[in-house]
Amino acid sequence: MSESLAHEAAALDAADELAGLRKLFALDDGVYLDGNSLGALPAHVPARVADVVQRQWGELRIRSWGESGWWTAPERIGDRIAPLVGAAPGQIVVGDSTSVNVFKAVVGAVRLCDDPARTDIVVDATTFPTDGYIAESAARMTGRRLVPVAPADLPSALGPTTAAVLVNHVDYRTGRLHDLPALTAAVHEAGALVVWDLCHSAGALPVGLDANGVDLAVGCTYKYLNGGPGSPAYLYVAERHQPAFDSPLPGWTSHADPFAMTREFTAADGALRGRVGTPDILSMLALEAALEVWDGVGIEAVRAKSLALTDFFLKCVAAYVPEGRVTSLTPEDHAARGSQVALRCEEAPAVMEKLIARGVVGDLRRPDVLRFGFTPLYVGFGDAERAAATLAEILEA
Ligand SMILES: Cc1ncc(COP(=O)(O)O)c(C=O)c1O
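If you count the sequence shown from 1, position 271 lands on 509 in our numbering, and the numbers rise without skipping.
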């Protein structure tokens, strides 16, 4: 479309220190901008999963719970995710879905707060729906009131009646990044606990859970962590809260001595309290293998590339797309931007269909939002330019 932007993309790709990581993924010549929904497959994962199925399950069978490290996978993989979200080891367990972990975290936060005068669970009014549904149920179960508040209005909505606050770190629709350090401090100032949903930030930008004194957090692993469809989620419980963390789902695998098979529940120490039942080993070990692409990769470098990619994509869209056909919902300000660009477009459903037919895969949030996710491990500047050029051609046609 424009020689100069194509040249600029080529120069940016040539200077990109993460460019070599793309070959670790099973990708074709298309442009894959949906890693904020389902991350691409790391190319070595199928052989590892085949080994888990054929050798660990097929040959070792029950012995694999010990010999293949199945039993300890939830906490071991939690420790592998920990540095990506700024957590010291021993605070994250992997397992269950994000939805289930939201439930554990919100009820757990209200129980940790342990103050009947704190009657409110505050929830991000713009949240991904599952968090809102579960927070509402958690409020009913704990005898609290659900108070939906837009993240920008949170500081003024908090007070002596706030028990717990559930916020999305990055808005799934607009790509807006909320100020985790400031909001965490505001929640603490009000004497409440905060639960962060990291689905759209983990693996895309530094989170700083420990450094910011976050209480609890949850996240999925199938987006920027490339764990595969339905791969297990995780729960972070800050070390200082672990002794009092009272999970609403105390299953046998979070028992201090699971094989004692006692009638009474005695919670295990540490992050293991977040476990529930038998871990879903096939998905979990696919995730563990997938996380190897992060070996030697710093999240700061990933963040720098993510911002450069989204800046460049917005620049190409501004240069190529006819005036007025799309409006960006994604903040210009880097401090408020996640790793996706959301464009409002009147004909969004038909446009996304045509983009996908032409090899540019993003997704749609009804009625009129085109979403483009930028996963710095495998998306390049040439991809950003091609996506913008294809979008412009479709809108011009
Ligand atoms: C912010 C957020 N929370 C939760 C979920 C989904 O949770 P689950 O993994 O339980 O489907 C998503 C899915 O895209 C999400 O974006």
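Where is the CB? At the ideal position from N, CA and C, for every residue including glycine.
Just mark residue i as buried or exposed, buried being the case when its beta carbon has 16 or more other beta carbons within 10 Å.
i, result
"Val291", "exposed"
"His438", "buried"
"Phe619", "buried"
"Phe483", "buried"
"Glu313", "buried"
"Lys636", "This structure cannot speak to residue 636, because the chain is shown only from 239 to 635."
"His416", "buried"
"Gly466", "buried"
"Gly441", "buried"
"Ser485", "buried"
"Arg609", "buried"
"Ala595", "exposed"
With distances taken between CB atoms, is the gap from residue i to residue j smaller than 8 angstroms?
i, j, result
"Val456", "Thr336", "yes"
"Leu473", "Ile315", "no"
"Val599", "Leu271", "yes"
"Ala347", "Val433", "yes"
"Leu259", "Leu615", "yes"
"Ala527", "Arg286", "yes"
"Asn406", "Asp453", "no"
"Trp603", "Arg411", "What sits at residue 603 in the sequence shown is Arg, not Trp. Yes, they are a contact pair."
"Arg414", "Ala574", "yes"
"Val323", "Leu447", "yes"
"Glu623", "Ala247", "yes"
"Leu581", "Ser566", "yes"
"Asn464", "Gly277", "yes"
"Val403", "Val425", "yes"
"Leu443", "Arg541", "yes"
"Gly204", "Thr613", "With the chain covering 239 to 635 only, the question about residue 204 has no answer from this structure."
"Thr400", "Ala355", "no"
Can you list, in chain order, the residues of its chain whose CB lies under 6 angstroms from that of residue i, leaving out five sequence neighbours each side?
i, result
"Met522", "Ala311, Pro470"
"Arg563", "Leu633"
"Leu279", "Ala264"
"Thr365", "Asn406"
"Pro327", "Asp317, Ala320"
Express the C-alpha separation of residue j and residue i in angstroms, rounding to a whole number.
i, j, result
"Pro419", "Ile300", "45 angstroms"
"Ala388", "Leu298", "52 angstroms"
"Val340", "Ala325", "18 angstroms"
"Val283", "Ala524", "6 angstroms"
"Arg349", "Lys342", "10 angstroms"
"Leu487", "Gly512", "8 angstroms"
"Trp295", "Ala557", "54 angstroms"
"Ala423", "Glu305", "44 angstroms"
"Ser302", "Gly333", "18 angstroms"
"Asp507", "Trp490", "13 angstroms"
"Cys583", "Val607", "6 angstroms"
"Leu431", "Leu421", "11 angstroms"
"Val617", "Thr504", "47 angstroms"
"His493", "Val344", "20 angstroms"
"Thr548", "Ala252", "17 angstroms"
"Asp352", "Leu392", "21 angstroms"
"Thr459", "Ser394", "33 angstroms"
"His245", "Asp254", "14 angstroms"
"Val579", "Arg293", "43 angstroms"
"Ala376", "Lys592", "42 angstroms"
"Ser240", "Val385", "49 angstroms"
"Gly597", "Leu243", "20 angstroms"
"Val338", "Pro481", "21 angstroms"
"Pro605", "Glu502", "51 angstroms"
"Asp533", "Gly429", "38 angstroms"
"Ala390", "Asp289", "48 angstroms"
"Lys543", "Glu561", "27 angstroms"
"Leu520", "Pro367", "28 angstroms"
"Arg383", "Ser577", "33 angstroms"
"Asp266", "Ala635", "26 angstroms"
Enumerate in chain order the residues of its own chain whose CB-to-CB distance from residue i is below 7 angstroms, with the five nearest sequence positions on each side excluded.
i, result
"Ser275", "Lys461, Asp601, Gly611"
"Pro569", "Arg414, Arg575"
"His572", "Leu545"
"Ala281", "Leu262, Phe263, Ala264"
"Gly307", "Arg314"
Please list, in chain order, all residues of the same chain as residue i whose beta carbon is under 8 angstroms from its beta carbon, the five residues on each side excluded.
i, result
"Glu427", "Leu396"
"Val559", "Ala626, Leu629, Ala630, Leu633"
"Ala476", "Gln329, Leu447, Asp448, Gly451, Val452, Asp453, Leu454"
"Val531", "Leu259, Leu262, Phe263, Pro280, Asn464, Leu615"
Check: Are the region 533–542 and the region 508–518 touching by the rule of at least three beta carbon pairs closer than 8 angstroms?
Finding: no
Margin query: With three or more C-beta pairs closer than 8 angstroms as the rule, is the region 538–553 touching the region 369–377?
Written below: no
Check: Taking contact to mean at least 3 C-beta pairs separated by less than 8 angstroms, is the region 492–505 in contact with the region 346–362?
Finding: no
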